[in-house]
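Asks:
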Amino acid sequence: MGNAYAGQILRVNLTKGDWKVEELDMDLVRRFIGGRGLGGKILFDEVDPNVDPLGPENKLIFVTGPLTGTGAPTGCRYMVVAKSPLTGAIGYANSGGYLGAELKFAGYDGIIFEGKSEKPVYLSIDDDEIELKPASHLWGKSSTETDELIKAELGDQWRGVDTRVSCIGPAGEKLSRIAAIMTENSAAARTGLAAVMGSKNLKAIAVRGTKGVRLADAESFRAKVAEQVDVFRDHPAYGQFGTMHVYGTAAGMALGNVAGALPTRHFSGGTFEAAEAELDPQLMRETTTVRQKGCFACPIACKRVSKTTAPGFEGHGEGPEFETLCLLGICCGVNNLQAIIKAGFICNEMGLDTISTGVTIACAMELYERGYITDAEAGCKLNFGNAESMVEMTRKIGLREGIGDILAEGAYRTAEKFGHPEVFIGAKKMEMPAHHARGLQGMGLGYATSNRGACHNSAMMSSHEFPAIGTGTVTKGKPQMVKHAQELAAVVDSCGLCLFPTGVLMQEGILLLFNEATGFNFELKELMLAGERIWNQERLFNLKAGFTKADDTVSRRMLEEPLPDGPAEGNVLRLGEMLPEYYQLRGWNEDGIPSAEKLAALGLDHVKSSNKI
Amino acid sequence: MARIKIDYAKCTGCRHCEAACSLSHIEGIVNPKRSRIRVFSKGDAFYPVIAGPFTDAKCTSKVTVTVEGREFDECMLCRASCPIKPVFKEPDSGIPLKCDQCGEPADPQCVKWCASGALTLIEE
Numbered sequence: 001m002g003n004a005y006a007g008q009i010l011r012v013n014l015t016k017g018d019w020k021v022e023e024l025d026m027d028l029v030r031r032f033i034g035g036r037g038l039g040g041k042i043l044f045d046e047v048d049p050n051v052d053p054l055g056p057e058n059k060l061i062f063v064t065g066p067l068t069g070t071g072a073p074t075g076c077r078y079m080v081v082a083k084s085p086l087t088g089a090i091g092y093a094n095s096g097g098y099l100g101a102e103l104k105f106a107g108y109d110g111i112i113f114e115g116k117s118e119k120p121v122y123l124s125i126d127d128d129e130i131e132l133k134p135a136s137h138l139w140g141k142s143s144t145e146t147d148e149l150i151k152a153e154l155g156d157q158w159r160g161v162d163t164r165v166s167c168i169g170p171a172g173e174k175l176s177r178i179a180a181i182m183t184e185n186s187a188a189a190r191t192g193l194a195a196v197m198g199s200k201n202l203k204a205i206a207v208r209g210t211k212g213v214r215l216a217d218a219e220s221f222r223a224k225v226a227e228q229v230d231v232f233r234d235h236p237a238y239g240q241f242g243t244m245h246v247y248g249t250a251a252g253m254a255l256g257n258v259a260g261a262l263p264t265r266h267f268s269g270g271t272f273e274a275a276e277a278e279l280d281p282q283l284m285r286e287t288t289t290v291r292q293k294g295c296f297a298c299p300i301a302c303k304r305v306s307k308t309t310a311p312g313f314e315g316h317g318e319g320p321e322f323e324t325l326c327l328l329g330i331c332c333g334v335n336n337l338q339a340i341i342k343a344g345f346i347c348n349e350m351g352l353d354t355i356s357t358g359v360t361i362a363c364a365m366e367l368y369e370r371g372y373i374t375d376a377e378a379g380c381k382l383n384f385g386n387a388e389s390m391v392e393m394t395r396k397i398g399l400r401e402g403i404g405d406i407l408a409e410g411a412y413r414t415a416e417k418f419g420h421p422e423v424f425i426g427a428k429k430m431e432m433p434a435h436h437a438r439g440l441q442g443m444g445l446g447y448a449t450s451n452r453g454a455c456h457n458s459a460m461m462s463s464h465e466f467p468a469i470g471t472g473t474v475t476k477g478k479p480q481m482v483k484h485a486q487e488l489a490a491v492v493d494s495c496g497l498c499l500f501p502t503g504v505l506m507q508e509g510i511l512l513l514f515n516e517a518t519g520f521n522f523e524l525k526e527l528m529l530a531g532e533r534i535w536n537q538e539r540l541f542n543l544k545a546g547f548t549k550a551d552d553t554v555s556r557r558m559l560e561e562p563l564p565d566g567p568a569e570g571n572v573l574r575l576g577e578m579l580p581e582y583y584q585l586r587g588w589n590e591d592g593i594p595s596a597e598k599l600a601a602l603g604l605d606h607v608k609s610s611n612k613i
Numbered sequence: 614m615a616r617i618k619i620d621y622a623k624c625t626g627c628r629h630c631e632a633a634c635s636l637s638h639i640e641g642i643v644n645p646k647r648s649r650i651r652v653f654s655k656g657d658a659f660y661p662v663i664a665g666p667f668t669d670a671k672c673t674s675k676v677t678v679t680v681e682g683r684e685f686d687e688c689m690l691c692r693a694s695c696p697i698k699p700v701f702k703e704p705d706s707g708i709p710l711k712c713d714q715c716g717e718p719a720d721p722q723c724v725k726w727c728a729s730g731a732l733t734l735i736e737e
């Protein structure tokens, strides 16, 4: 009988150019599940939190979850974990596509990359056949070129059909701190982990697997998934006629505008005049969308294939997501749909995080408008709303050309370089996504306390908070909601599922799939306790890396400058009303350090808890 | 007789059908490489192909198939398991695979797991 895990971890030493296959520690996965949890635990145990993120001592961990590749709805994710070069904290980013499942089919739960290769290489996995192949000829190639070249190199068309590639583009090679790891236009985007991959001279991973995944209770699992698919099929948001399938994540645009939660002109406002006109999802569907696309085992299919034809912005590729539209668009004051989509294509090819890239360009635009960046330094007019400059800037960041060399370091370092770090909007030096921290108090608390910086997925609060009906602007009850959302997200990320279907599967559905796949027979509270354990484990890494209570915050402007428009007008993020209660609920002391009792309850007490952590 | 109808335009390329097929034919294992339905892609489109009969000779004449203006090497849309094509065969033994509609009466699991409506079971 199987347990949904492949049972093996591949450890690759890039310095020596060798590898070994290690047995998966089943006691460890019972405590940390897999994915983000397991990756974070391995990082904590093996990497000194004070290492240089771009040095050979950092490790880059690709890791799947138990439900990856099982056929569980959306069970496709792989998580990448390393110390982040953007934040200096624990970095993790996950991606859909097909690579995660393929890795499981080849017989591996994860890969740990150590050291640094002397020359560019890529790792080829074909079941038990593992090889580090030269990649100098791929260096400098875009993500889709790399994908095609590797597939052509590895064999005939049929092997090519079955091979999955994850790679970095020029941005990762050039160690941009906002670079994303790409797999067929899906991105493990946040926290700049592609720079870690680039620093190790690792261009790509190519995987083909024929072994499959063995489940504990397959009959019952198959029936359960069929039932769940029936629910998805006709679901108003996620079904074949649902908004997420028909419009993609862009479906949230009007809601974001009505809620006043959009990141307009570098977060100076919350509503955008073009949100319901030029950036309307229906218009996008009629003019640029070619088709929808699903990751492995996904009943939703929120991905878009798009084509742009506007002069100067011609292109073909994937996206845009809601975040891409908001940050490359609204955050930069740009209302030109085709320009935004084109910029998204460029980010995909360069291997850039569209969230961080959009906010960084918007940050540069504000610096420019305030006179802190000159025309000569910018190399162009960099005013808000300038679509041409926005698109050109994505290319320059990817190639580190001109001012792009500075912007490639991310928004915080850009603002600092031009002498005005206060202009930066984000948390722990990571750029803020498209959900306003001032109108959504819980989201703001989530940003402040997220272990990886300003992240909207660490606590999915935007679906619970609507300023238009008053729930977004209240702080009461939010610490408890955020704590729970953070732990649920940790469970989902560790199982190998996507966050989107949690509202359909519910905790109980996830638990059922998890138990039938693994045979662990957990109770719900055990699974959620694992989520809390994972959260605290990540916190311990950050504390050892030197983070303190002072880092549990967001940019000062979110706390001091009232939102000027929308239903949440006049609000600031009232973090002070929530943070002490949040610490208390977490069982942390007033400095945000986990108590000895809490660590013991979570089984993390082999780690000394003191103010000196 | 029951038939599985494929609507290419609705296929999202999620390959949930491959997972379902393998799980219903192999004891406790999900393995798309052993599935009797495979999803191929060309350009922006996805093409689910259901395994047909085994043939022990490879084709001696080649044709090009045009679907909605898109040209295909006929192998990609061909349902046969044949000597030159590694799909629709057990990866280890090479034993050919063929769709059996998951038994009699037909109860194809690929259709049950297809949320996009690309696969439907029709009676005629």
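For the protein sequence lines, the chains are A and B, in the order given. For the first sequence, my numbering puts the final residue at 613, and the numbers step up evenly by one. For the second sequence, my numbering puts the final residue at 737, and the numbers step up evenly by one. We put the beta carbon where it would ideally sit given N, CA and C, even for glycine. Just so you know, these numbers come straight off a predicted model, no measurement behind them.
From the DSSP output, which residues share a beta bridge with Met-393(A)?
Replies: The count along the first sequence starts at 1 and reaches residue 393(A) at position 393. Met-393(A) pairs with nothing; no bridge assigned.
Asks: Kindly give me the distance between the Cβ atoms of Trp-623(A) and Lys-698(B), rounded to whole angstroms, as I take these residues to be in contact under 8 Å.
Replies: Nothing about residue 623(A) can be read from this structure; chain A reaches only from 1 to 613.
Asks: Between the Cα of Glu-22(A) and those of Tyr-108(A), Glu-276(A) and Val-29(A), spot the shortest distance and give me the residue it belongs to.
Replies: Counted from its first residue, the first sequence places residue 22(A) at position 22. For Glu-22(A), the nearest C-alpha among the options comes from Tyr-108(A).
Asks: Taking contact to mean at least 3 C-beta pairs separated by less than 8 Å, is the stretch 181–198 of chain A in contact with the stretch 614–628 of chain B?
Replies: The stretch 181–198 of chain A vs the stretch 614–628 of chain B: no contact.
Asks: Let me check understanding here. Comparing Cα to Cα, which of Ala-259(A), Val-482(A), Val-29(A) and Leu-14(A) lies closest to Pro-56(A)?
Replies: For the purposes of this step, residue 56(A) is identified with residue 56 of the first sequence, where counting begins at 1. It is Leu-14(A) whose Cα lies nearest to the Cα of Pro-56(A).
Asks: Would DSSP call Thr-548(A) helix, strand or coil?
Replies: As a first step, residue 548(A) is located in the first sequence; it is residue number 548 there, counting from the start. Three-state DSSP puts Thr-548(A) in coil, outside helix and strand.
Asks: Within the 8 Å Cβ cut-off, does Lys-612(A) reach chain B?
Replies: In the first sequence, counting from the first residue as 1, residue 612(A) sits at position 612. The pLDDT assigned to Lys-612(A) is 42, lower than 50, so where the model puts this residue is not dependable; a value taken from the coordinates is nonetheless given after this. No, Lys-612(A) lies away from the interface with chain B (no Cβ there is under 8 Å from its Cβ).
Asks: Using a Cβ-Cβ distance under 8 Å, would Cys-298(A) count as near chain B?
Replies: For the purposes of this step, residue 298(A) is taken as the residue at position 298 of the first sequence. At least one chain B Cβ lies under 8 Å of Cys-298(A).
Asks: With 16 as the cutoff for other CB atoms within 10 Å, does His-629(B) come out buried or exposed?
Replies: The sequence position of residue 629(B) within the second sequence is 16, counting from 1. His-629(B) is buried by the Cβ-count criterion.
Asks: Taking Cβ-Cβ distances shorter than 7 Å, what residues in chain A pair up with Thr-677(B)?
Replies: The sequence position of residue 677(B) within the second sequence is 64, counting from 1. Near Thr-677(B) there are no residues of chain A at all, since even the closest Cβ is about 15 Å away, more than 7 Å.
Asks: What do you reckon, are the CB atoms on Ile-150(A) and Ala-188(A) nearer than 8 Å?
Replies: Residue mapping note: residue 150(A) aligns to position 150 of the first sequence, counting from 1. Residue mapping note: residue 188(A) aligns to position 188 of the first sequence, counting from 1. Not a contact, by the Cβ cut-off of 8 Å.
Asks: Mapping DSSP to helix, strand and coil, what is Leu-325(A)?
Replies: Against the first sequence, residue 325(A) aligns to sequence position 325. Looking at Leu-325(A) - three-state DSSP - the assignment turns out to be helix.
Asks: From which residue to which residue does the alpha helix (DSSP H) around Asn-515(A) run?
Replies: On the first sequence, residue 515(A) is found 515 positions in, with the first residue counted as 1. Looking at the DSSP string, the run of the alpha helix (DSSP H) that includes Asn-515(A) is 502–518.
Asks: Pull up the distance between the alpha-carbon of Gly-155(A) and that of Leu-123(A), whole angstroms please.
Replies: Counting from one through the first sequence, the residue named residue 155(A) turns up at place 155. Counting from one through the first sequence, the residue named residue 123(A) turns up at place 123. Going by the C-alpha atoms only, they are around 15 Å apart.
Asks: Nearer than 7 Å: is that true of the beta carbon of Phe-520(A) relative to any heavy atom of the ligand FAD?
Replies: In the structure shown, the ligand FAD is absent, as is every other ligand, since no ligand is present at all.
Asks: For Glu-114(A), tell me which candidate among Leu-575(A), Asp-18(A) and Glu-321(A) has the shortest Cα-Cα distance.
Replies: As a first step, residue 114(A) must be located in the first sequence, where it is residue number 114. Residue Asp-18(A) is the option with its Cα nearest to Glu-114(A).
Asks: Does His-638(B) have its Cβ less than 8 Å from a Cβ in chain A?
Replies: The count along the second sequence starts at 1 and reaches residue 638(B) at position 25. It does not: the Cβ of His-638(B) has no partner Cβ on chain A nearer than 8 Å.
Asks: Could you tell me how far apart the beta carbons of Ala-250(A) and Pro-281(A) are, in whole angstroms, since I believe they sit closer than 8 Å?
Replies: Indexing the first sequence from 1 puts residue 250(A) at position 250. Indexing the first sequence from 1 puts residue 281(A) at position 281. Rounded, the Cβ-Cβ distance is 4 Å, consistent with contact.
Asks: Distance check for Gly-402(A) and Gly-379(A), CA to CA, integer angstroms please.
Replies: Numbered from its first residue, the first sequence carries residue 379(A) at position 379. Numbered from its first residue, the first sequence carries residue 402(A) at position 402. Distance between the alpha carbons of Gly-379(A) and Gly-402(A) is about 7 Å.
Asks: Our contact map puts Phe-659(B) next to Val-161(A) with C-beta atoms below 8 Å; I'd like the distance itself, whole angstroms only.
Replies: Taking the first residue of the second sequence as 1, we reach residue 659(B) at position 46. Taking the first residue of the first sequence as 1, we reach residue 161(A) at position 161. 12 Å between Cβ atoms; not a contact.
Asks: Could you have a look at Ser-463(A) and say whether DSSP puts it in helix, strand or coil?
Replies: Within the first sequence, the letter at position 463 stands for residue 463(A). Residue state, collapsed to three classes: coil.
Asks: Between which two residues does the beta strand (DSSP E) containing Gly-344(A) stretch?
Replies: Residue mapping note: residue 344(A) aligns to position 344 of the first sequence, counting from 1. It is not in any beta strand (DSSP E) - Gly-344(A) instead sits in the alpha helix (DSSP H) that spans 337–350.
Asks: Going by CA-CA distance only, name the one from Cys-167(A), Ile-300(A) and Gly-260(A) that's closest to Ala-72(A).
Replies: Counting from one through the first sequence, the residue named residue 72(A) turns up at place 72. Out of Cys-167(A), Ile-300(A) and Gly-260(A), Ile-300(A) has the C-alpha closest to the C-alpha of Ala-72(A).
Asks: Under 6 Å Cβ to Cβ from Thr-74(A), same chain only, skipping five residues before and after it: list those, please.
Replies: One-based indexing of the first sequence puts residue 74(A) at position 74. Result list for Thr-74(A): Cys-298, Leu-497, Cys-498 and Pro-501, in chain order.
Asks: Distance cutoff 8 Å, beta carbons only. Does Val-165(A) sit that close to anything in chain B?
Replies: Indexing the first sequence from 1 puts residue 165(A) at position 165. Not one chain B Cβ lies under 8 Å of Val-165(A).
Asks: Would you call the CB atoms of Pro-49(A) and Lys-544(A) closer than 8 Å?
Replies: The sequence position of residue 49(A) within the first sequence is 49, counting from 1. The sequence position of residue 544(A) within the first sequence is 544, counting from 1. Yes. Within cutoff.
Asks: Taking only runs of the beta strand (DSSP E) that begin and end inside the stretch 642–695 of chain B, which ones reach a length of at least 3 residues, in chain order?
Replies: Correct list: 650–655, 658–663, 677–680 and 683–686.
Asks: Given that Val-229(A) touches chain B, what residues does it touch there, using C-beta distances under 8 Å?
Replies: The sequence position of residue 229(A) within the first sequence is 229, counting from 1. Neighbours of Val-229(A) on chain B, chain order: His-629, Lys-725, Trp-726, Cys-727 and Ala-728.
Asks: According to the neighbour-count rule (16 or more other Cβ atoms, all chains shown, within 10 Å of its Cβ), is Arg-556(A) buried or exposed?
Replies: Working through the first sequence from its first residue, we reach residue 556(A) at position 556. It is exposed - the Cβ of Arg-556(A) has fewer than 16 other Cβ atoms within 10 Å.
Asks: If I follow the unbroken alpha helix (DSSP H) through Ala-362(A), where does it start and stop?
Replies: In the first sequence, residue 362(A) corresponds to position 362, counting from 1. Start and end: 354–369.
Asks: Is the beta carbon of Met-430(A) less than 8 Å from the beta carbon of Ala-454(A)?
Replies: Counting from one through the first sequence, the residue named residue 430(A) turns up at place 430. Counting from one through the first sequence, the residue named residue 454(A) turns up at place 454. Yes, Cβ-Cβ distance for Met-430(A) and Ala-454(A) is below 8 Å.
Asks: Looking only at its chain, what residues have a beta carbon closer than 6 Å to the beta carbon of Gly-100(A), apart from the 5 residues adjacent to it on each side?
Replies: Translated into the one-based positions of the first sequence, residue 100(A) becomes position 100. Thr-64, Thr-68, Cys-76, Arg-77 and Tyr-78, listed in sequence order.
Asks: Say whether chain B places a C-beta atom closer than 8 Å to the C-beta of Gln-8(A).
Replies: In the first sequence, the residue the question calls residue 8(A) occupies position 8. By this cut-off, Gln-8(A) is not an interface position.
Asks: So, does the CB of Phe-514(A) fall closer than 8 Å to a CB anywhere in chain B?
Replies: Translated into the one-based positions of the first sequence, residue 514(A) becomes position 514. No, because no Cβ of chain B sits closer than 8 Å to the Cβ of Phe-514(A).
Asks: Helix or strand or just coil, what does DSSP make of Arg-557(A)?
Replies: In the first sequence, the residue the question calls residue 557(A) occupies position 557. In the structure shown, Arg-557(A) sits in a helix (DSSP, three-state: H, G or I).
Asks: For the putative contact between Thr-324(A) and Thr-308(A), defined by C-beta atoms under 8 Å, what is the C-beta separation to the nearest angstrom?
Replies: Taking the first residue of the first sequence as position 1, residue 324(A) is located at position 324. Taking the first residue of the first sequence as position 1, residue 308(A) is located at position 308. Rounded, the Cβ-Cβ distance is 13 Å, inconsistent with contact.
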